[in-house]
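Colleague: Please see the structure below; I have some questions.
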Amino acid sequence: MDGGRCCANMTVKEQLAYLTKGAEETIRAEDLYAKLERAGKTGQPLRVKAGFDPTAPDIHLGHTVLIRKLKHFQDLGHTVIFLIGDFTGLIGDPSGRNVTRPPMTPEEIAANAETYKKQVFKILDPKKTVVDFNNRWLGKLTSHEWMALLSKYTVARLLERDDFSKRFKEGRPITLLELVYPLAMAYDSVALKADVELGGTDQKFNLLAGRTIQQEYGQEPQVIMMMPILEGLDGVQKMSKSLGNYVGINEPPQEMFGKLMSISDELMWRYYELLTDLSPSEVAGLKDSVSDGNAHPLEMKKDLARRIISDFHGAPEAGQAQKDWETQFQKKSIPHEVRKESLSHFLPVKLTTFLATYGLASSKTEAARKMKEGAVSIALGDAETPSWERISDPAWEFDPAKYSCHGSVTFRVGRKLLKVSVKPG
RNA sequence: GGACAGGUGGCCGAGCGGUCAAUGGCAGCAGGCUGUAAACCUGCCGCUCCUUGCGAGCUACGGGGGUUCGAAUCCUCCCCUGUCCA
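Residues 267 to 691, numbered by the working numbering, are exactly what the first sequence covers, in order.
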């Protein structure tokens with residue numbers, strides 16, 4: 267991430283502009299203005315809350331949109347509370363899958379929290395971040411306290427919620443437990459005395475419930491800020507691990523580069539907007555230069571990929587990832603960072619078996635199919651520009667001894683590569 | 001508690017005694033075209049074996065048992081989901 271912009275001299279108005287930049291909706295901006303003003307006068311930083319599910323510690327670019335916004339609050343000196351929903355996680359957000367999650371052990375949750383921290387602190391400043399767990403208070407509520415909480419909301423209001431009413435009309439199940447989810451989340455805001463809560467646009471209902479419940483408990487309602495949901499690599503559905511259309515922030519640079527290069531040109535601008543620190547006008551400028559023909563979209567996309575990867579791996583690695591990508595796909599040669607394996611033996615094997623055991627195909631049957639499809643080829647030695655030989659006969663045998671004079675053999679199945687040394691000893 | 005409807009491959013959704021490893025759509029994978037982009041066209045899309053063939057075997061249609069030469073399809077019990085009534 268770019269270094270924080272300092273704020274000491276920003277007017278409240280400027281702070282507001284900085285904080286609301288990129289947000290889809292803020293309820294209400296006037297309240298945020300008032301809170302910022304007060305914070306400035308009293309020197310009391312705002313308490314900014316965002317909740318995360320304990321079951322998904324693999325952070326991907328979709329999450330970073332929100333985390334980046336948290337960082338903006340930190341830049342202005344406010345307190346960010348990174349709340350891990352170890353209690354609410356047991357309920358499962360109603361907007362999630364309908365699969366019941368097995369309860370997690372405290373050890374698992376603690377381990378996930380650690381993983382979270384490691385990833386999130388690539389963006390957030392650990393010194394300015396409070397990590398908390400909502401089981402700390404929700405787990406201690408007595409049945410009477412629960413009853414008091416539940417009495418503060420009505421069924422009709424819950425059913426206003428779009429996904430509930432939709433599911434209700436469609437005849438899909440809604441458990442009572444799920445109905446409680448928004449209230450539990452709202453109670454977090456009470457327990458934390460949150461001034462601001464951030465969430466995705468899909469969280470609007472839950473966030474609003476927080477405002478209502480806080481007032482019920484005699485607190486000033488939190489300001490809620492909703493960040494847009496990032497589309498996944500397919501450009502249609504939201505980025506999510508279960509849909510497989512994501513880029514994880516811990517993925518190797520090469521991997522990230524490849525994935526980012528596969529997005530459509532249209533989606534590229536969306537990513538520029540939400541995943542870089544460029545201002546909207548800067549992005550518009552780039553867009554213009556492409557439509558004017560002054561810049562090639564391919565180069566623009568490489569630039570985007572490099573920027574994003576730099577945030578998580580550093581600029582040198584990002585540059586290397588780009589070089590490797592160009593080597594492998596544009597020049598069709600073998601990159602430096604190929605996967606390499608050593609052979610367990612040097613006897614001849616059927617290629618189908620070989621590909622399956624080294625993970626280039628998920629099974630021998632699959633390997634045979636890929637061969638018939640013309641997806642499999644091999645190259646000999648370490649030449650800069652290797653000549654690929656396509657192998658399409660499923661009965662073909664790989665005999666390492668035949669190639670020992672070349673030193674190594676590289677196998678390709680579609681976009682997967684594997685280099686193997688064929689020198690015995 | 002009562003009356004219905006339904007549970008099929010990653011998802012949606014046909015099939016309703018043999019010709020069903022199961023139509024179709026989506027997703028995915030590969031080839032072509034490109035800027036490995038998108039779009040588009042083509043093929044593939046359970047596993048294993050080999051003599052790679054419109055080959056053989058195995059495992060699959062919520063779970064168990066049964067009827068039949070033969071079941072995803074019929075019977076039975078169980079589990080799960082929805083609708084309506086109380």
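Glycine included, C-beta positions come from ideal geometry on N, C-alpha and C.
For the alpha helix (DSSP H) holding A422, just list the boundary residues, first then last.
Modeller: 421 to 426
Colleague: Cutting at 7 Å between CB atoms, please list the residues of its own chain near R427, excluding the five before and the five after it.
Modeller: Excluding residues up to 5 positions away in sequence, F471 lie with their Cβ nearer than 7 Å to the Cβ of R427 in the same chain.
Colleague: Please go through the stretch 519 to 581 and give each complete alpha helix (DSSP H) segment of 4 or more residues, from N-terminal end onward.
Modeller: 519 to 527, 531 to 541, 546 to 557, 563 to 579
Colleague: Identify whether I515 lies in helix, strand or coil by the three-state DSSP scheme.
Modeller: Here I515 sits in coil by DSSP.
Colleague: On a CA-only basis, which of F612, Q594, E632, V549 is nearest V604? Give me that one, please.
Modeller: Q594
Colleague: Quick one: give me the first and last residue of the alpha helix (DSSP H) that V456 is part of.
Modeller: Here the alpha helix (DSSP H) through V456 covers 442 to 458.
Colleague: According to DSSP, what are the bridge partners of I293?
Modeller: Bridge partners of I293: I490.
Colleague: Mark S576 as exposed unless 16 or more other C-beta atoms lie within 10 angstroms of its C-beta, in which case mark it buried.
Modeller: buried
Colleague: Taking just the CA atoms, how far does F578 sit from C671?
Modeller: 41 Å
Colleague: Sort out for me which residues DSSP pairs R313 with in a bridge.
Modeller: T345
Colleague: Reducing DSSP to helix, strand and coil, say where I350 ends up.
Modeller: In the three-state reduction of the DSSP assignment, I350 falls in the strand class, which pools E and B.
Colleague: Just how far apart, CA to CA, sit A289 and K616?
Modeller: 56 Å
Colleague: When you measure from the CB of G476 to every non-hydrogen atom of the ligand GDP, does any distance come out below 8 Å?
Modeller: This structure lacks the ligand GDP, and indeed carries no ligand of any kind.
Colleague: Check each candidate in D531, K568, V556 and name the one with the smallest Cα separation from M522.
Modeller: K568
Colleague: By a C-beta neighbour count over all protein chains shown, 10 Å radius and 16 as the cutoff for buried, is K638 buried or exposed?
Modeller: Burial call: exposed.
Colleague: Report the rounded CA-to-CA distance for Q588 versus P690, giving the unit in angstroms.
Modeller: 34 Å
Colleague: How about I293 and V489: do their beta carbons lie closer than 9 Å?
Modeller: yes
Colleague: Please report the straight-line C-alpha distance between G269 and K553, rounded to a whole angstrom.
Modeller: Note that G269 scores a pLDDT of 41, beneath 50, so its modelled location is shaky; the value from the coordinates is reported in the next line. Their backbone Cα atoms lie some 25 Å apart in a straight line.
Colleague: List the DSSP bridge partners of F677.
Modeller: Beta-bridge pairing links F677 to I644, L684.
Colleague: Using 8 Å for Cβ pairs, my map puts M451 next to T354. What's the rounded Cβ distance?
Modeller: 6 Å
Colleague: Should A283 be labelled buried (16 or more other beta-carbon atoms within 10 Å of its own) or exposed?
Modeller: exposed
Colleague: Is the number of C-beta pairs between the stretch 373 to 380 and the stretch 331 to 339 that are closer than 8 Å three or more?
Modeller: No: fewer than three Cβ pairs fall under 8 Å.
Colleague: In its own chain, which residues sit with a C-beta less than 7 Å from the C-beta of R764, not counting the 5 before and 5 after it?
Modeller: As shown, the chain starts at 267 and ends at 691. That puts residue 764 outside it, with no answer to give.
Colleague: Does the Cβ-Cβ distance between E454 and G317 come in under 9 Å?
Modeller: As written in the sequence, residue 454 is Asp, which differs from the Glu given in the question. Yes, these two residues count as a Cβ contact at 9 Å.
Colleague: For V421, count neighbouring Cβ atoms within 10 angstroms of its own Cβ and tell me buried if that reaches 16, exposed if not.
Modeller: With fewer than 16 other beta carbons inside 10 angstroms of its own, V421 counts as exposed.
Colleague: Anyone know if the C-beta pair for A633 and T619 falls short of 9 Å?
Modeller: yes
Colleague: Where does C272 sit, in a helix, a strand or coil, going by DSSP?
Modeller: Low confidence applies here, because C272 scores a pLDDT of 47, under 50, leaving its location unreliable and the question unanswered by this model.
Colleague: Just to confirm the assignment, what range does the alpha helix (DSSP H) spanning K279 have?
Modeller: 278 to 286
Colleague: Shortest alpha-carbon distance to L349 belongs to which of T623, L613, L336?
Modeller: L336
Colleague: Determine the closest residue to I495 out of S687, L327, G559, with distance taken between C-alpha atoms.
Modeller: L327
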